[in-house]
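Each residue of the sequence shown is one higher than the one before, counting from 335 in my numbering.
Written below as structure tokens is the structure these notes are about.
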Amino acid sequence: MFQRLLPLLFCAAALAAERKFDFHEVRENQVPNGFRSTVTGQGPSGNWKVIIENLPPVVAPISPKSSIVTRQGVLAQLSKNPDETCAPLFIYDADTFNDFVFRTRFRIVSGTVEQMAGIAFRFQDEKNYYYVRANARERNVAFFRYVDGELIGPVAAAAGVKLGEWHQLTVECRGSKLRALLDEREVIPWMEPNLVLFPDGSSKGVFPAGKIGFWTKADTVAYFADARLEFTPREPLAQTLVRETMQLNPKLIGLKIFGLTTDGTGTKIIGSTDPNEIGQPGEKVERDCIEKGGSYFGRGKNSVLVTMPLHDRNGETVGAVRVTMTTFFGQTEKNALARALPIVKSMEGRVGSAKEFGL
């Protein structure tokens, strides 16, 4: 008993954040916020929405007088595209994840061509992602990955998946390894996707992080409920640059990175020595710095401030950096710029493009 509990206790300690997808809080026939419907293969996207359904409890009630089902909202995929190459997806677009445990209850309701439902993860786009699916017809659970539109796999195991019954599917990822559980029983032990080779013997398409979502196949109608994601928050690149630069330059007082807002009308802080400032709007000087180039100098009571453009490795301007440094008697603008320049240059070597900042 204790040997089984230890990995679970380690898991709880290692994962620092949780998101619950409470579909019962979404109005009937509406689409949950933060998700988008898409598809791999031919045909239109799936028909995803919340419906009201009878849902049995995870644990059987103690009293026989207790209700054994509740009426609540569940996420349903209702389209019935008979194309067996079609895989409707419902992707959570708000964030990407690397280390996580994602659990969801699911029920495969019907399907003539296929009877499959599961979890998509490490999602890059519709042609590059992993998924673990349950198959009620073949009574198994399997792992696959799409790489540049090519399907690789399966790694499969027999499992008691039944049409019309509620089950719980769990996918856990740790670094390059993953495993899958059905109804809290491990069905796919810890494995590394890169060991599942292409037909030519090569190994590629290993995704260290990505989005997560729900997956079905062809004409499968399936419901999902009680989805919960435990994960290790990923530090944005801008914040990583700030943290590491401050560690390498202990005489710096402060550091901020600014990026253009989505509509391009202003700037916002995307990295700061004070994380509480992230998301706050910038000023005109940062926008001018990004759009017009050039460096800007200012003085504080006991400090000097230099704002400079931040370029990616191709020389494109992707943001602005404000460097706050200690001052000294005789400090000039020219000298301050000379002090700030190598700091910003060291950051630029780490930036591949504005996309890495989520801009």
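Glycine is no exception: its CB is placed at the ideal position from the N, C-alpha and C atoms.
- With fewer than 16 neighbouring CB atoms inside 10 Å of its own CB, A672 falls in the exposed class.
- Using a 10 angstroms sphere on the CB of R456, the tally of other CB atoms reaches 16 or more, which defines it as buried.
- At a Cβ-Cβ threshold of 8 Å, G605 and L575 count as neighbours.
- Assignment of beta-bridge partners to F631 by DSSP yields V640.
- For the options A454, Y465, N462, G498, the alpha carbon positioned closest to that of R473 is the one of G498.
- By the CB criterion at 8 Å, D482 and H501 fall outside the cutoff.
- The residues V403, T404, R405, in chain order, have a CB closer than 8 Å to that of N388 in the same chain once the five nearest residues on each side in sequence are set aside.
- Under the three-state reduction of DSSP output, N415 falls in the coil class, being neither helix nor strand.
- Linking N528 to R508 through their CA atoms gives a straight-line distance of about 14 Å.
- If you keep only unbroken beta strand (DSSP E) runs of at least 3 residues inside the stretch 590-634, you get 601-606, 630-633.
- For R656, the number of other beta carbons within 10 angstroms of its own is at least 16, and it is reported as buried.
- The DSSP assignment places complete beta strand (DSSP E) segments of no fewer than 3 residues inside the stretch 457-499 at 462-469, 474-481, 484-492, in order along the chain.
- Classified as exposed, L582 has fewer than 16 neighbouring CB atoms from the shown chains inside 10 Å of its CB.
- If you draw a straight line from the Cα of R633 to the Cα of M642, it comes to about 15 Å.
- Counting the other Cβ atoms within 10 Å of the Cβ of K383 gives 16 or more, which makes it buried.
- Taking Y426 as the centre and dropping the five residues before and after it, the same chain places the C-beta of G368, F369, K545, I546, G547 closer than 7 Å to its C-beta, in chain order.
- Sorting L675, I587, T651, F440 by C-alpha distance to the C-alpha of K635 places I587 at the top.
- Our two residues, N381 and V555, have alpha carbons roughly 10 Å apart in a direct line.
- For the pair T651 and P416, the Cα-to-Cα distance works out to about 48 Å.
- For E682, the uninterrupted alpha helix (DSSP H) run begins and ends at 667-682, by DSSP.
- Secondary structure of A552 (DSSP, three-state): coil.
- If you look at V384, you'll find it in the beta strand (DSSP E) that goes 382-389.
- DSSP places F662 outside both helix and strand once states are collapsed to three, so it counts as coil.
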